[in-house]
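Mapping to full-length UniProt numbering: the sequence shown position 91 is 91, numbers consecutive.
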Amino acid sequence: MIKEACVETITQINNAIKNGANRIELCDNLSVGGTTPSYGMVKIAVELCHQNNVEVAVMIRPRGGDFNYDYFEYEIMRQDIIQLKELNVDAFVFGCLDENEHLDEWKMQSLKEACGVIPAVCHMAFDSINPYNQLKSLDWLINQQFTRLLTHGGPSDTSIFDNVNHLGKLLIHSKGNITIMPGGGLNKDNLSALTEDIPFDEVHGTKIV
1 MIKEACVETI TQINNAIKNG ANRIELCDNL SVGGTTPSYG MVKIAVELCH QNNVEVAVMI
61 RPRGGDFNYD YFEYEIMRQD IIQLKELNVD AFVFGCLDEN EHLDEWKMQS LKEACGVIPA
121 VCHMAFDSIN PYNQLKSLDW LINQQFTRLL THGGPSDTSI FDNVNHLGKL LIHSKGNITI
181 MPGGGLNKDN LSALTEDIPF DEVHGTKIV
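Below, the structure written as structure tokens:
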């Protein structure tokens with residue numbers, strides 16, 4: 001099982017490595033759900049992690065709040081990807097929704113193209129999509145060759161353990177064509193309670209190790 005630790009400082013990176021994280025998701029401003037870290041932070045994080053065979057996925061998000069970005073915010077995201085992909089990162093993590101809280105397919109596709117050969121991950125913006133539209137959105141992510149979906153399985157104010165059925169539905173529907181990675185409220189103490197129900201290959205959290 002791959003354990004992805006969500007971090008924002010060098011101290012947290014070192015602790016995650018020491019405690020057995022296989023990957024970090026590098027963010028700034030976790031108090032608002034994570035935003036894009038600085039160039040210098042990404043550079044040092046990649047060097048530290050790669051020395052220890054730990055991957056680095058970088059959050060691309062211009063601000064906290066909702067995921068409906070205007071053109072300038074989208075262009076900030078695109079330019080950040082173009083700059084940061086020079087640093088040998090292992091994945092980029094982003095999510096864009098339109099005013100109706102559907103996937104903004106144009107922005108998502110354009111950002112995916114900016115990633116080039118670097119894997120793209122859709123984050124928990126997905127959880128704001130109406131559940132009745134989520135399987136269609138999942139199919140679109142698969143068709144666009146997104147590598148992973150980070151999801152809580154339901155609204156952010158719910159317990160992930162109340163969303164197990166929906167997480168399982170996403171996992172079955174994916175047919176192994178995209179990794180379904182649960183996160184949000186998972187930690188090293190309650191992880192086994194989830195994976196005993198559904199044997200996820202990858203898990204995510206700020207206290208996952």
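Just so it is clear, CB atoms sit at the ideal spot from N, CA and C, and this is done for glycine as well. Since the structure is predicted, the reported quantities are computational estimates derived from the model, not experimental observations.
(request) Can you check DSSP and say which residues form a bridge with THR195? (result) Partner(s): none; THR195 has no beta bridge.
(request) Would you give the residue range spanned by the alpha helix (DSSP H) that VAL164 belongs to? (result) For VAL164, the enclosing alpha helix (DSSP H) stretches over residues 164-174.
(message) Would LEU26 and ILE13 qualify as a contact pair, given that the criterion is a beta-carbon distance under 9 angstroms?
(response) Closer than 9 angstroms, so yes.
(message) Could you tell me which whole beta strand (DSSP E) segments of length 3 or greater appear in the region 48-82?
(response) Segments of the beta strand (DSSP E) lying fully in the region 48-82: 55-59.
(request) Use the C-beta contact count for MET1: other C-beta atoms within 10 angstroms, 16 or more gives buried, fewer gives exposed. (result) MET1 should be labelled exposed.
(request) Could you check the C-alpha separation between ILE81 and VAL58 for me, to the nearest Å? (result) Spanning the two alpha carbons is a distance of roughly 9 angstroms.
(message) Rounded to the nearest angstrom, what separates TRP106 and ASP189 at their Cα positions?
(response) Between TRP106 and ASP189, the C-alpha separation is close to 40 angstroms.
(message) How far does the beta strand (DSSP E) with LYS136 in it extend, from its first residue to its last?
(response) LYS136 -> not in any beta strand (DSSP E); alpha helix (DSSP H) instead, spanning 131-143.
(request) Please report the Cβ distance between PRO182 and ILE160, rounded to the nearest whole angstrom; I am assuming they are in contact, meaning their Cβ atoms lie under 8 angstroms. (result) Your pair PRO182 and ILE160 checks out as a contact, with CB atoms roughly 6 angstroms apart and the cut at 8 angstroms.
(request) Take GLU75 as the anchor and find which of LEU167, GLY205, LYS112 has the nearest alpha-carbon. (result) For GLU75, the nearest C-alpha among the options comes from LYS112.
(request) Name, in chain order, the residues that DSSP records as bridge partners for PHE92. (result) In DSSP, PHE92 forms a bridge with VAL58, ALA120.
(request) Check each candidate in ILE172, GLY116, VAL93 and name the one with the smallest Cα separation from GLY33. (result) Relative to the Cα of GLY33, the nearest Cα in the group ILE172, GLY116, VAL93 belongs to VAL93.
(message) To the nearest angstrom, how far is the alpha carbon of ASN53 from that of VAL42?
(response) Using only the alpha carbons, I get a separation of about 16 angstroms.
(message) Spatial neighbours of THR206 within its chain, please: C-beta separation below 6 angstroms, excluding the five flanking residues on both sides.
(response) So the qualifying residues of the chain are CYS6.
(request) Answer yes or no: do ILE129 and LEU103 have a C-beta to C-beta separation smaller than 9 angstroms? (result) Cβ atoms of ILE129 and LEU103: closer than 9 angstroms.
(request) Kindly list the residues whose CB is nearer than 6 angstroms to the CB of ILE180, restricted to its own chain and excluding five residues on each side of it in sequence; keep chain order. (result) So the list reads LEU149, LEU170, LEU171, SER174, once near-sequence residues are dropped.
(request) Return the first residue and the last residue of the alpha helix (DSSP H) that CYS115 is part of. (result) Run containing CYS115: 105-115, per the alpha helix (DSSP H) assignment.
(request) Give me whichever residues DSSP pairs with PRO182 in a beta bridge. (result) For PRO182, DSSP records a beta bridge to THR151.
(message) So, with DSSP's three-state summary, where would you put THR206?
(response) Under the three-state reduction of DSSP output, THR206 falls in the coil class, being neither helix nor strand.
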